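For reference, the structure discussed in these notes is given below.
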Amino acid sequence: MTFEQHARSFGSAVEAYEHGRPGYPAEVADWLVPRAARRLVDVGAGTGKFTRTLLGRGAEVVAVEPHPAMRARLATLLPDVRALDGTGEVVPLPDASADALTFAQSWHWVDPAAGITEAARVLRPGGVLGLVWNVRDESSDWAQRLGDVITRPEAQRMSYDDESVLDGPFGEREHRVFAWVHEQDRSAFLDMVLSRSYVIVLPDAERADLRRAVEELLDTHPDTAGHDVVRVPYRTHVHRYERRP
């Protein structure tokens, strides 16, 4: 299964993605968005999970998403957001037209060299490039067991990279981590698992086996057995880069 096929796979799981995937703490956008921002652009926006946190923090919020089904769902959920067809390598906006460009759970889909060049083109001097990842905190036994069940080798390229450093006309990286807990019902939690690209592309039998293994963990682990709400701890890693003049 190619990386491109993984990227395209989300179209078959739009509703599961929207239902199950976590959002992001408001504090992330508070820290990322520069003062007096006008145009904020969320790239690889999916159904708008991070786009929502940008609302009200600039005069205009624009979402850029290459998959038509994802883009259509975002447009329905967030009718005040302009949703454009594009990628991190080709952002359909003029030069120096954005005050912030964010990639939440999407920078790993981008060719870094091309993405850096395009970000530098689109951002105004003093604008901010923000790279954001929700990473499960596996310090508890429950979360560690979950990781053991659902992680696959195919997920490695889609994982968070703490060593990312950008070339080009950007200042030094600022890095912050926001710890929080996402609470969701069992159905939404299962959709969170099943909407991962490396799970979507599994053969039907393997995907069914994975679902059964997750359900067994929910039914037997003391932290989740008999509970209506599943609590998943996250550490949201945020990299902030300022566009130099």
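Here the sequence shown stands for residues 1 to 245, where the numbers follow the numbering used here.
C-beta atoms are modelled at their ideal positions from N, C-alpha and C, and glycine is treated no differently.
Keep in mind the model is a prediction, meaning the values are calculated, not measured.
Look at residue 124 here: in three-state DSSP terms it is strand. Distances from the CA of residue 230 to each of 44, 67 and 143 were compared; the closest alpha carbon is that of 143. Cβ contact annotation for residue 51 (same chain, cutoff 8 Å, sequence separation greater than five): 42, 45, 61, 63, 74, 78 and 81, in chain order. Positions of the alpha helix (DSSP H) runs, each at least 4 residues long and wholly inside the region 191-223, are given as 197-200 and 204-220 in order along the chain. Minimum Cα-Cα distance from residue 125 among the listed residues 34, 219, 147 and 132 corresponds to 34. In terms of CA proximity to residue 113, 168 leads the group 104, 66, 92 and 168. Beyond the five residues adjoining it in sequence on each side, residue 25 comes within less than 7 Å, by CB distance, of 178, 180 and 236 in the same chain, given in chain order. Taking residue 19 as the centre and dropping the five residues before and after it, the same chain places the C-beta of 188 and 191 closer than 6 Å to its C-beta, in chain order.
In the displayed model, residue 182 falls within a strand according to three-state DSSP. Around the CB of residue 172, fewer than 16 other CB atoms lie within 10 Å, so the residue is classed as exposed. Sorting 170, 208 and 136 by C-alpha distance to the C-alpha of residue 100 places 170 at the top.
A Cβ-Cβ distance of about 5 Å is found for the pair residue 132 and residue 238, placing them in contact under the 8 Å criterion. At a Cβ-Cβ threshold of 9 Å, residue 234 and residue 22 count as neighbours.
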